[in-house]
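Reviewing the structure listed below.
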Amino acid sequence: MIRDITLGQYYPGNSVIHKLDPRVKILAALLYIVALFVVDNFSGFIVAIVLLEAVIIISRVPRKYIWRGLKPVLIIIAFTLIVNIFMVRGEVLWQFGVLHITREGLRTAAFVGIRLVLLIIGSSMLTLTTRPIGLTDGIEALLSPFKKIGLPAHELAMMMTIALRFIPTLLEETDKIIKAQQARGADFESGNILRRAKALIPILVPLFISAFRIAQDLAMAMEARCYGGDVKRTRMNAMVFARRDLIASIIFCAFLALIVLQRVLL
Amino acid sequence: MSFIRVENLVYDYIKTDEGGAPIASRAIKGVSFNIERGSFTAIIGQNGSGKSTLAKNLNGLLLPTEGKVCIDGLDTSVPENVWNVRQKVAMVFQNPDNQIVSAIVEDDVAFGPENLGIDPAEIRRRVDSALDGVEMGDYKEKAPHMLSGGQKQRIAIAGAVAMEPECIVFDEPTAMLDPKGRREVLGIARDLNSKGMTVVFITHFMEEAACADHVIVMDGGLIKMEGTPREVFSREEELVSLSLGVPAAVQLASRLRKRGVEIPEGILTDEELVRAITEAKAE
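Chains A and B, in that order, are what the protein sequence lines are.
Just so you know, the first sequence maps onto residues 0 to 265 in numbering that gives the first Met the number 0.
Just so you know, the second sequence maps onto residues 0 to 282 in numbering that gives the first Met the number 0.
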């Protein structure tokens, strides 16, 4: 069923990685992605893989969950691989009509493939080991310096919290509307793309209306629980930069240094 | 002094007509009542009778158009009182889905106390005890959308309890639940009440209202009847004329009485009826 989709998936756990300060994890994930684009040879990727593998082992997140995060983007990865293998010019290894495979093509394809896989696993390690509230709190904290120039950091974080919470609810709602329309003979499966797109309108309109209704209910419920924005608000799990965060930061900086060094030296 | 005092409350919803001119539709047409500290009050009435609007007036979510609502002596229409009032009177709404803010159960329960600016260690204590109180301690780390309606409603109650209010207003909390979920929610409300919490329970299930110690019957924005469940449910014809009924036990008791079975007046619950029938048979 449609509601089985895992989004913003969090895998509850008690590992050091889980306990790290979300701010550290968010920055590390961002820098890790940047590092992946700095790398320009295979030895660099080995360093990146070793770090990621260590994180996976320490976090004790089952590989099943990591694989689940990778599955939806497999098509994109496959497409990129094919495009790269056949499109890059260079020393031809194999040719059939207009199709040709080059040494450079294989190399770029492998590079891009590894990069994409690491990028996705790296960012899903962040969401798998950080509870949604931690993520949004972390983002809020990292954005708060920009409050001075008028960036509504708290409001943005609250919006993200609510969006994450209501994705499954809205999916369920969509499911209900589709079933209700099908019960009255609506056809979503046949016809060309244009027809099918048109058939979506009777789903989207009630979905929109129900989203507004939910928003109104939720606003009322939040007010009833004394929500008044950022004013004097405290957090149950206040973010603390602990010793383990310092150690993790040092290890991560060492990783970054290694990446930069091997790029410069090799 | 009563904990909640409602004096000549009138409430208008303002809508606009096609030309943009405001039209007032009067949902509450002047009601007065008191709710005592530690009591369990049920408010019943059919859809559109104004009972939900009344509920939202009890903690300053809506402010009276005319008249006055005082919570523990605090007038809800005074802006400085609003946070105090909402902290004293918490609310549980009808739709269990639309009142849960966070994607993790315990974070949601913490939402209220966090808004009150309470110390993190104290929030942790309150969240744990509130979740244990509704027997959802094992679900702390779960995502709300994986839970049943009754469980979600229990989370919502825990969220209200964690604010340590003096009163909880339940606005038709059982309307969207299955019978099991309904029993659970009512059980928790009664349990909280027995520990000293003032409870206002809005419902259209007469069996639930029978558990209260005070019943208010609303119709067309007015209070039509008020009293103990025994007093209110003994006036079956009046209730039926308001499109309401009486609990099944009351109805069965009165039918048996008409057939000549000796059932005493004032039967309210299934248990009482069973006892009365066995006694009548024994004679």
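Don't be surprised by glycine CBs; every beta carbon is placed ideally from N, CA and C.
In terms of Cβ geometry, N192 of chain B and V198 of chain B form a close pair [threshold 7 Å]. With contacts defined by Cβ atoms closer than 7 Å, P178 of chain B and A209 of chain B do not form a contacting pair.
At least one CB atom of chain A sits nearer than 7 Å to the CB of F110 of chain B. Residues are counted here when their Cβ sits less than 7 Å from a Cβ of chain B; for the stretch 215-232 of chain A these are D216, L217, M219, A220, M221, E222, A223, R224, C225, Y226, G227, K231, R232, given in chain order. Exclusion of the five residues before and after A34 of chain A leaves A47, L255, I258 as the residues of its chain whose Cβ lies within less than 7 Å of its Cβ.
Check the Cα spacing between I177 of chain A and each of A:D39, A:I202, A:I166: the tightest is with A:I202. Per DSSP, W82 of chain B has no beta-bridge partner at all. Apart from the 5 residues on each side of it in sequence, G29 of chain B sits with its Cβ closer than 6 Å to the Cβ of N7, V9 in its chain, given in chain order. CA-CA distance, I122 of chain B to S242 of chain B, rounds to 45 Å.
Proximity of Q152 of chain B to chain A, defined by a Cβ-Cβ separation below 7 Å, is not satisfied. Beta-bridge pairing by DSSP links G226 of chain B to B:V214. For A120 of chain B, the nearest beta carbon of chain A is not closer than 7 Å to its own beta carbon.
Around M224 of chain B, the same chain offers V216, V231 as residues with beta carbons nearer than 6 Å, after the five sequence neighbours per side are excluded. Burial is judged here by how many other beta carbons sit within 10 angstroms of a residue's own beta carbon; D137 of chain B has fewer than 16 and is exposed.
According to the DSSP assignment, I34 of chain B belongs to the beta strand (DSSP E) that extends over 21-34.
Taking N83 of chain A as the centre and dropping the five residues before and after it, the same chain places the C-beta of G104, T107, A108, V111 closer than 7 Å to its C-beta, in chain order. Distance from the CA atom of C166 of chain B to the CA atom of C69 of chain B, rounded to whole angstroms, is 13 Å. Distance from the CA atom of G47 of chain B to the CA atom of P172 of chain B, rounded to whole angstroms, is 17 Å. Within the stretch 167-200 of chain A, the residues whose Cβ lies closer than 7 Å to some Cβ of chain B are P167, T168, listed in chain order. B:F204 is the residue among B:L221, B:F204, B:A281, B:P263 whose C-alpha sits nearest the C-alpha of V245 of chain B. In the pairwise beta carbon analysis, the stretch 130-148 of chain A is classified as touching the stretch 96-104 of chain B: at least three pairs are separated by under 8 Å.
T160 of chain A reaches chain B at V100, S101, A102, counting residues in chain order whose Cβ is nearer than 8 Å.
Taking 8 Å as the cut-off between beta carbons, the residues of the stretch 125-143 of chain A near chain B are R130, P131, I132, in sequence order. Under the Cβ criterion (8 Å, minimum of three pairs), the stretch 162-173 of chain A counts as touching the stretch 198-213 of chain A. Annotation: the stretch 33-76 of chain A contains the following complete segments of the alpha helix (DSSP H) (minimum length 4 residues), in chain order: 41-58, 62-69.
DSSP places T15 of chain B in the uninterrupted beta strand (DSSP E) bounded by 3-15. Our two residues, L221 of chain B and I22 of chain B, have alpha carbons roughly 20 Å apart in a direct line. Contact annotation, I81 of chain A with I120 of chain A: C-beta distance approximately 21 Å; criterion of less than 8 Å not satisfied. Chain order gives the chain B residues near R234 of chain A as E113, P119, where near means a beta carbon separation below 7 Å. Against chain B, the beta carbon of L19 of chain A has no neighbour under 9 Å; the closest one sits roughly 17 Å away.
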